[in-house]
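Using my numbering, the first residue of the sequence shown is number 48, and each one after it goes up by one.
Cβ coordinates follow ideal geometry from the N, Cα and C atoms, glycine included.
Everything numeric in this text was worked out from a predicted model, so none of it was measured.
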Amino acid sequence: MTKTCSVCHGELKQQLITYTQFLEGHFVVIENVPAWVCENCGETYLDPEVVDRIHRVLWSGGEPARTIETPVYDLSTVA
Ligand SMILES: [Zn+2]
48 MTKTCSVCHG
58 ELKQQLITYT
68 QFLEGHFVVI
78 ENVPAWVCEN
88 CGETYLDPEV
98 VDRIHRVLWS
108 GGEPARTIET
118 PVYDLSTVA
């Protein structure tokens with residue numbers, strides 16, 4: 048069964064992505080997330096069980112694999 052994009056009806060391919068989320072004032076990055084990515088427009092879709100796993104990781108309070116510094120830019124201050 049081929050999955051198709053609900054935005055452009057392009058074909059979805061399973062791919063590992065880096066998922067990012069802003070959580071309680073922290074920017075959280077989750078690597079190696081299995082997702083469906085549209086070959087045409089790049090839209091990503093996550094299976095419900097993958098979303099469940101992400102939530103479990105985020106709310107478990109466990110130690111992250113590593114921590115990175117994240118530069119933040121404000122476009123309103125740039126000409
Ligand atoms: Zn698409």
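beta-carbon residue i near ligand 1 non-hydrogen atom, thresh 6 Å
i, result
"E90", "yes"
"N87", "yes"
"V54", "yes"
"G57", "yes"
Same chain only: Cβ atoms within 6 Å of residue i, ignoring 5 sequence neighbours per side
i, result
"T67", "V76"
"F74", "T117"
"N79", "L63"
"N132", "Lying outside 48 to 126, the shown extent of the chain, residue 132 is not represented and no answer is given."
One or two residues paired with residue i in a DSSP bridge
i, result
"I77", "Y66"
"K60", "V84"
"T114", "Looking at the DSSP assignment, T114 forms no beta bridge with any residue, so it has no partner."
Buried/exposed call for residue i, threshold 16 Cβ in 10 Å
i, result
"V125", "exposed"
"L70", "exposed"
Residues of its chain near residue i, where Cβ-Cβ distance is below 8 Å and the 5 sequence neighbours each way are ignored
i, result
"I115", "V76"
"D121", "none"
Distance between beta carbons of residue j and residue i, contact taken as under 8 Å
i, j, result
"V97", "T91", "V97 to T91, Cβ: 11 Å. No contact."
Cβ neighbours of residue i in the same chain (closer than 7 Å, five flanking residues each side left out)
i, result
"Q61", "P81, W83"
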